[in-house]
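Report on one structure; see the data block that follows.
Residue numbers (the numbering used here): 19 to 104.
Next up, the structure:
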């Protein structure tokens, strides 16, 4: 069994410069794993360049995050691909 979801601390200044957790972000993106993180508006342009894929933006709301999590797990069980998010 593999990983169902990757949860990484914020994508920030270090990651935008290719340091910090950039390697972990790259690995999750390369593996096409669902990824949950936070990004400040100041780092949004750097994230978009870094991620280079479609993603969903969730509100900072536990219920919304849980709905997203349940949806991606159901999608994975049905073999319908991945649902990516930030």
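We treat Cβ as the ideally placed atom computed from N, Cα and C, and that holds for glycine. On a predicted model such as this, the values are computed, not experimentally measured, just so you know.
| Query | Result |
| --- | --- |
| Between the CA atoms of residue 96 and residue 34 - distance to the nearest angstrom | 34 Å |
| Closest Cα partner of residue 72 within the set 50, 93, 40, 56 | 50 |
| For residue 89 and residue 66, the rounded distance between their alpha carbons | 23 Å |
| Residue 54, DSSP secondary structure in three states | strand |
| Residue nearest to residue 16 in terms of C-alpha spacing, selected from 55, 40, 83 | What the structure shows of the chain is the stretch from 19 to 104, and residue 16 is not part of that stretch, so it cannot be assessed. |
| Given residue 77 as reference, the closest of 41, 58, 20, 42 once Cα atoms are compared | 58 |
| Whether residue 24 touches residue 63 by CB criterion (8 Å) | no |
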